[in-house]
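What follows is one structure encoded as structure tokens, with my remarks underneath.
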Amino acid sequence: MTNYNTYTDSELVLLLKEGDDLAFREIYLRYDKLLYLYAFKKLRNSDEAKDVVQDVFAWVLNHRSQLELTVALSAYLYKSVLHKIFDIFKHQGIIKKYVENNEHFVDLNPTEADYLIREKDITALIDREIAAMPPKMREIYILKRMNFLSTKEIAVQLSISEHTVSTQLKRALKHLRVRLGLVVYILWIMKI
């Protein structure tokens, strides 16, 4: 039996488009808990968070043959969850869209606005710290955390040893822990 957890996200998407149910299962297992945590952090409601994640996965499964990703699978899934969350907020009256002179304005309640501002600030801080890494460390870190390549795949792609990749990843994580502090670092790792 094929070990699907060794496949990259891109490989899983190709298999999924071909109708491979086990590829879908692996994608689901890889992301359902992370997406739930992300949705719960924003919604503060367990049932709504579960529903949002299930809706996203149901849509992916039902439209798998037409799935054309222009971004990484993880980014696609997180953005899909976020759109579902905004739909819930809109329905609840928290977010209202106005169109005036072809400009879109979003009116948020103070709590939601504060959260979005903090989230944007934290993301900018993390991006700055990743950009401040030495070039090779940054490249390895991005391949691992954002492109979801395995240590072996990174080593092959960059023509370096797996040990070097592991060492650089450990240094990158230590760099982020030290520079960002434990709480922000944990939030980043959890992608919340």
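Residues 164 to 355 in our numbering are what the sequence shown spells out, letter by letter.
For each residue, glycine too, the CB sits at the ideal point set by N, CA and C.
Just so it is clear, the structure is predicted and the values come from calculations on it, not from any experiment.
If you drop the 5 nearest sequence neighbours on each side, which residues of the same chain put their C-beta closer than 7 Å to that of residue i?
i: Leu178; result: Ala186
i: Lys205; result: Ile248
i: Val244; result: Leu198, Tyr201, Ala202, Val215, Val216, Val219
i: Lys307; result: Ile317, Leu332
From what residue to what residue does the alpha helix (DSSP H) around residue i run?
i: Ile323; result: Note, Ile323: premise wrong, no alpha helix (DSSP H); not H, not E.
i: Thr300; result: Before going on, a small fix: residue 300 reads as Met here, not Thr. Start and end: 298-308.
i: Thr225; result: Sequence check: residue 225 is Asn here, not Thr. 209-225 is the span of the alpha helix (DSSP H), which, as asked, contains Asn225.
i: Ala295; result: Ala295 -> no alpha helix (DSSP H), and no H or E assigned at all.
i: Asp184; result: 184-206
i: Leu175; result: 172-180
Enumerate in chain order the residues of its own chain whose CB-to-CB distance from residue i is below 6 Å, with the five nearest sequence positions on each side excluded.
i: Ala294; result: none
i: Tyr167; result: Leu185, Glu189
Note down the Cα distance separating residue i from residue j, rounded to an integer number of angstroms.
i: Asp214; j: Pro297; result: 41 Å
i: Ile303; j: Lys253; result: 39 Å
i: His326; j: Ser313; result: 12 Å
i: Leu149; j: Tyr239; result: Nothing can be reported for residue 149: it is not among the residues displayed for the chain, which extend from 164 to 355.
i: His338; j: Gln331; result: 10 Å
i: Asp250; j: Leu192; result: 25 Å
i: Arg188; j: Ser228; result: 16 Å
i: Arg301; j: Arg334; result: 10 Å
i: Leu321; j: Leu224; result: 34 Å
i: Ser173; j: Lys315; result: 16 Å
Using a Cβ-Cβ cut-off of 8 Å (strictly less than) and excluding sequence neighbours within five positions of residue i, which residues of its own chain qualify?
i: Asp124; result: Examination of residue 124 is not possible in this model, given that the chain is present from 164 through 355 alone.
i: Arg342; result: Glu292, Ala295
i: Ala318; result: Ser324, Glu325, Thr327, Val328
When every heavy atom of the ligand FMN is checked, does at least one fall within less than 7 Å of the C-beta of residue i?
i: Thr330; result: Summarising the ligand content, the structure contains no ligands, and the ligand FMN is consequently not present.
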